[in-house]
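>
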Amino acid sequence: MQLSDFPFGVTDWSAITATEHPGESGMALWRTCQFGSIRVRMVEYSPGYLADHWCRKGHILLCLEGELLTELADGRRFMLTPGLSYQVSDDAEPHRSSTRTGARLFIVD
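As numbered in UniProt numbering, residues 1 to 109 make up the sequence shown, in order.
1. Given a cut-off of 8 Å, decide if His-59 and Val-40 are closer than it, judged by their beta-carbon atoms.
2. Touching or not, the segment 28-38 and the segment 70-81, by the rule of three or more beta carbon pairs under 8 Å?
3. If I measure Cβ to Cβ from Arg-100 and keep anything under 8 Å in the same chain, skipping five residues before and after, which residues do I get?
4. Assuming Pro-22 is part of the beta strand (DSSP E), what are its boundary residues?
5. Assign Leu-3 to one of two classes, buried (16 or more other C-beta atoms within 10 Å of its C-beta) or exposed (fewer than that).
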């Protein structure tokens, strides 16, 4: 990851308008900032959320609240709770997420 072409800044996530993204079930609210080629998001998944696709995009993801179950296409499953993170590169391992209880995440991709 090359971090370039943007100055020092502070982000007030509460001031960023959320966009809704429906899942196969439930929904996600994304608050998104773009810094050069880096997308940074604060994402809230509703209880009962299930992604509507297998994602191939790379991410660094930190769970802030709730529980997030991430399933890989090969069947492996990982439960993230507050303070746990994962990282995966572009086109490395298709993954999708779900949550029974809801979750709040900080994501860089």
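Quick reminder that beta carbons are idealized off the backbone N, C-alpha and C, glycines included.
Walking through what the data contain:
1. Start at 1 with the first residue of the sequence shown, and residue 40 comes out as number 40. Start at 1 with the first residue of the sequence shown, and residue 59 comes out as number 59. It is not a contact, given that the beta carbons lie outside the stated cut-off.
2. no
3. Walking along the sequence shown from the start, residue 100 turns up at place 100. Only Pro-47, Gly-48, Glu-67, Leu-69 meet the Cβ criterion.
4. The residue labelled residue 22 in the question sits at position 22 within the sequence shown. Note, Pro-22: beta strand (DSSP E), 19-22.
5. Against the sequence shown, residue 3 aligns to sequence position 3. It is exposed - the Cβ of Leu-3 has fewer than 16 other Cβ atoms within 10 Å.
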